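Structure, as structure tokens:
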Amino acid sequence: MLATNYPVLDIFLTTLYFFIFIIWLWLLFMVFIDIFRSHDLHGWAKALWVIGIIIMPYLGVLVYLIFRGSGMHDRAAKQAALQQKAFDKYVKQTAGTPGSTTADQLSKLAELKTKGVLTDAEFEAEKSKLLASA
1251 MLATNYPVLD IFLTTLYFFI FIIWLWLLFM VFIDIFRSHD LHGWAKALWV
1301 IGIIIMPYLG VLVYLIFRGS GMHDRAAKQA ALQQKAFDKY VKQTAGTPGS
1351 TTADQLSKLA ELKTKGVLTD AEFEAEKSKL LASA
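Printed below as a string of structure tokens:
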């Protein structure tokens, strides 16, 4: 009974409209994110863009894309680079301090041995541990 009241073309059009609406929502959120990510826009300019998009959503998003769309990719790439830099810094901090390579640790062990802090047996044991873990 449903098939006679709702033809295949209507199903296709409903699906198409649904996906167009989802794409427009995604674009709207990306524009809002870009407005607040942008450091070259100051408070009043951001407020005016937000008000314009809220009052006239379709036209506001279209005008924003025309005037400021070319910089959206640059701002997103800059943000991604900053996030990658912060992630790399975090990984380096948690993995160990710079200069804690196996060669550096072996040279520290050799210094401790020459100062007399480590015996020959302790030095060899620590050296074998380091080489086994590397």
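Counting from 1251, one number per residue, gives the positions in the sequence shown under this note's numbering. Ideal Cβ positions, reconstructed from N, Cα and C, are used throughout, including at glycine. Note that the structure is predicted; figures quoted are calculated from it, not measured.
By the neighbour-count criterion, in which a residue is buried when 16 or more other Cβ atoms sit within 10 angstroms of its Cβ, residue 1285 is buried. For residue 1368, the secondary structure class from DSSP, reduced to helix, strand or coil, is coil. Of the candidates 1335, 1259 and 1273, 1273 places its Cα closest to the Cα of residue 1311. Spatial neighbours of residue 1263 in its own chain (CB-CB distance under 8 angstroms, excluding positions within 5 residues in sequence) are not present. Here the alpha carbon of residue 1258 sits roughly 27 angstroms from the alpha carbon of residue 1276.
Per the coordinates, the alpha-carbon of residue 1260 lies some 37 angstroms from the alpha-carbon of residue 1323. In the displayed model, residue 1256 falls within coil according to three-state DSSP, outside both helix and strand. If the five residues before and after residue 1356 are omitted, its C-beta is found closer than 7 angstroms to the C-beta atoms of 1377 and 1380, all from its own chain and listed in chain order. In the DSSP annotation of this structure, the continuous segment of the alpha helix (DSSP H) that includes residue 1344 starts and ends at 1322 to 1345.
Residue 1280 sits in a helix when the DSSP states are folded into three classes. Annotation: residue 1382 to residue 1367 spans about 22 angstroms, alpha carbon to alpha carbon. Per the C-alpha coordinates, the member of 1339, 1307 and 1342 positioned closest to residue 1271 is 1307.
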